[in-house]
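Here the protein sequences line up with chains A and B, keeping their order.
Sequential numbering from 8 applies to the first sequence in the working numbering.
Sequential numbering from 66 applies to the second sequence in the working numbering.
Notes follow the structure.
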Amino acid sequence: EDQVTQSPEALRLQEGESSSLNCSYTVSGLRGLFWYRQDPGKGPEFLFTLYSAGEEKEKERLKATLTKKESFLHITAPKPEDSATYLCAVQGTDSSYKLIFGSGTRLLVRP
Amino acid sequence: GAVVSQHPSWVICKSGTSVKIECRSLDFQATTMFWYRQFPKQSLMLMATSNEGSKATYEQGVEKDKFLINHASLTLSTLTVTSAHPEDSSFYICSARTTSGKGPEQYFGPGTRLTVT
Numbered sequence: 008e009d010q011v012t013q014s015p016e017a018l019r020l021q022e023g024e025s026s027s028l029n030c031s032y033t034v035s036g037l038r039g040l041f042w043y044r045q046d047p048g049k050g051p052e053f054l055f056t057l058y059s060a061g062e063e064k065e066k067e068r069l070k071a072t073l074t075k076k077e078s079f080l081h082i083t084a085p086k087p088e089d090s091a092t093y094l095c096a097v098q099g100t101d102s103s104y105k106l107i108f109g110s111g112t113r114l115l116v117r118p
Numbered sequence: 066g067a068v069v070s071q072h073p074s075w076v077i078c079k080s081g082t083s084v085k086i087e088c089r090s091l092d093f094q095a096t097t098m099f100w101y102r103q104f105p106k107q108s109l110m111l112m113a114t115s116n117e118g119s120k121a122t123y124e125q126g127v128e129k130d131k132f133l134i135n136h137a138s139l140t141l142s143t144l145t146v147t148s149a150h151p152e153d154s155s156f157y158i159c160s161a162r163t164t165s166g167k168g169p170e171q172y173f174g175p176g177t178r179l180t181v182t
């Protein structure tokens, strides 16, 4: 059964304090791994798609990496506006294209 | 690009009534749309997959007669919660899959907050 586990559940950082969020996954065949950002009361905002082990993508202070078992979302010198819940999801190679989500990491960046 | 809208953004209804939520892809065609529900401080749970012109595929445990899904066009899918009860109160989010980009990304709507009194 496809499964996604995110850690930590919650993370508090001081502004400028870099850290990483983890997403461990098991899937029979990986079509893609997705990172989303979700603010309270809103829908998820697409950040990255990673397709194969060794792939890396960057956007502003965020960098996502992928191995065969896990993905990391590195946040460099975070700002208070980076506070949100970060969701990881995997999509298998079956024909459904559905996403299996992890439970998310709630990030709070204090000024 | 890849904007998805939902309407209404919030709705309050009385127990026993039905509520329809619309999901539209504004600047792309979506052959597949997905409906999720999310409880407070929990992740998204997929309810059903909706393909244009065909019946929706429901996830295990989701009552298809209660949550009616229609995907009549390439830009519109609707979710109707029939005979709503307080336990149906939740945040409902749709997503649409675009094949216009390099990969099978899904883009999400802003969500609809349903409160059943």
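We put the CB at the ideal spot given by N, CA and C, even for glycine.
Query	Result
Please classify residue 19(A): is it buried, with 16 or more other beta-carbons within 10 angstroms of its beta-carbon, or exposed?	exposed
Cβ-heavy atom distance between residue 63(A) and the ligand NAD below 6 Å?	This structure does not include the ligand NAD; it has no bound ligands of any sort.
Is residue 173(B) closer than 7 Å to residue 51(A) when the C-beta atoms are compared?	yes
How far does the beta strand (DSSP E) with residue 53(A) in it reach, from first residue to last?	52-57
Per DSSP, residue 112(B) forms a beta bridge with which residues?	Beta-bridge pairing links residue 112(B) to no other residue.
Give the secondary structure of residue 128(B) by DSSP, where H, G and I count as helix, E and B as strand, and everything else as coil.	coil
Cβ of residue 89(B) less than 7 Å from any chain A Cβ?	no
Is residue 100(B) buried or exposed, if buried means 16 or more other CB atoms sit within 10 Å of its CB?	buried
Closer than 7 Å, CB to CB, is residue 3(A) near chain B or not?	The question about residue 3(A) has no answer, for chain A in this structure spans 8 to 118.
Here's a check: name, in chain order, each residue in its chain whose Cβ is nearer than 7 Å to the Cβ of residue 118(A), leaving out the five neighbours to either side.	22 and 87
What ranges does the beta strand (DSSP E) occupy inside the segment 35-107 of chain A, keeping only unbroken runs of at least 3 residues that lie completely in it?	37-45, 52-57, 63-66, 69-73, 77-82 and 91-99
Taking Cβ-Cβ distances shorter than 8 Å, what residues in chain D pair up with residue 172(B)?	Considering every chain present, this structure includes no chain D. Its protein chains are A and B.
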